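The structure appears right after this line, and notes come after that.
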Ligand SMILES: Cc1cc2nc3c(=O)[nH]c(=O)nc-3n(C[C@H](O)[C@H](O)[C@H](O)COP(=O)(O)O)c2cc1C
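Residue numbers (the numbering used here): 16 to 202.
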């Protein structure tokens, strides 16, 4: 099982990277093959709909990872009540063929004081446009959830996050289970 984790924050000192690193560690521990795309490290050109953009090495990487992925964990900061422009730009390079029938979990980091929910709602609307199987459950963190080294120090928040991680794995296994007909055909 391949799960693609995307950090949608373009900032160098990103809180959302702390969140996506926590998710990656947890998936690693569970023996899942993780693909990771960070919009800061893997800087994409601005989507202009030009065919030539598809040759850009980071666009190639994104397309390759998204094609290989059986499931996605999308992480975004909340910027001006929505997902980051950088994450939306990355999603604009992808299409329904990358997401259809693929479980997708959503998580965000807001500025505190109940921020983050708008980014989640925005991501959910966009992912419906991409035909993703978005989990009903989701996760939202505050910057205070992390210690100065970037670890998720808030145990309650971590527990909640891990519930979503487990649900993503469970649904991905269910979606990829061979049907009875396929099983009979191989017997
Ligand atoms: C341009 C910008 C807009 C922001 N808008 C919001 C907002 O609408 N709601 C909110 O809760 N936090 C907002 N914040 C705070 C960020 O969500 C918060 O700092 C978060 O940790 C950023 O994640 P990052 O460090 O991964 O970029 C904004 C931050 C920036 C830089």
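Just so it is clear, CB atoms sit at the ideal spot from N, CA and C, and this is done for glycine as well. As the structure is a prediction and not an experimental result, all values here were calculated from the model.
Assuming residue i contacts residue j (C-beta within less than 8 Å), just tell me the rounded distance between them.
i           : j           : result
residue 21  : residue 52  : 5 Å
residue 156 : residue 124 : 5 Å
residue 98  : residue 55  : At roughly 15 Å, the Cβ-Cβ gap does not stay under 8 Å, so residue 98 and residue 55 are not in contact.
residue 179 : residue 122 : 7 Å
residue 93  : residue 130 : 5 Å
residue 31  : residue 91  : 6 Å
residue 187 : residue 85  : 5 Å
Mark residue i as exposed unless 16 or more other C-beta atoms lie within 10 angstroms of its C-beta, in which case mark it buried.
i           : result
residue 25  : buried
residue 201 : exposed
residue 153 : buried
residue 72  : exposed
residue 67  : exposed
residue 69  : exposed
residue 159 : exposed
residue 185 : exposed
residue 118 : buried
residue 27  : exposed
In the DSSP output, what is residue i paired with across the bridge?
i           : result
residue 92  : 124
residue 19  : 50, 87
residue 81  : Looking at the DSSP assignment, residue 81 forms no beta bridge with any residue, so it has no partner.
residue 148 : 118
residue 154 : 122
residue 97  : 94
residue 167 : 161
Counting by C-beta, which residues lie closer than 6 Å to a heavy atom of ligand 1, in chain order? 24, 26, 29, 30, 31, 92, 93, 94, 95, 96, 124, 125, 126, 130, 131, 158
Should the stretch 37-48 be called in touch with the stretch 91-109, which here means at least 3 C-beta pairs below 8 Å? no
Does the structure place the stretch 187-197 close enough to the stretch 159-166 that three or more beta carbon pairs sit under 8 Å? no
May I ask you to verify whether the stretch 139-146 touches the stretch 111-127, counting CB pairs closer than 8 Å and requiring at least 3? yes
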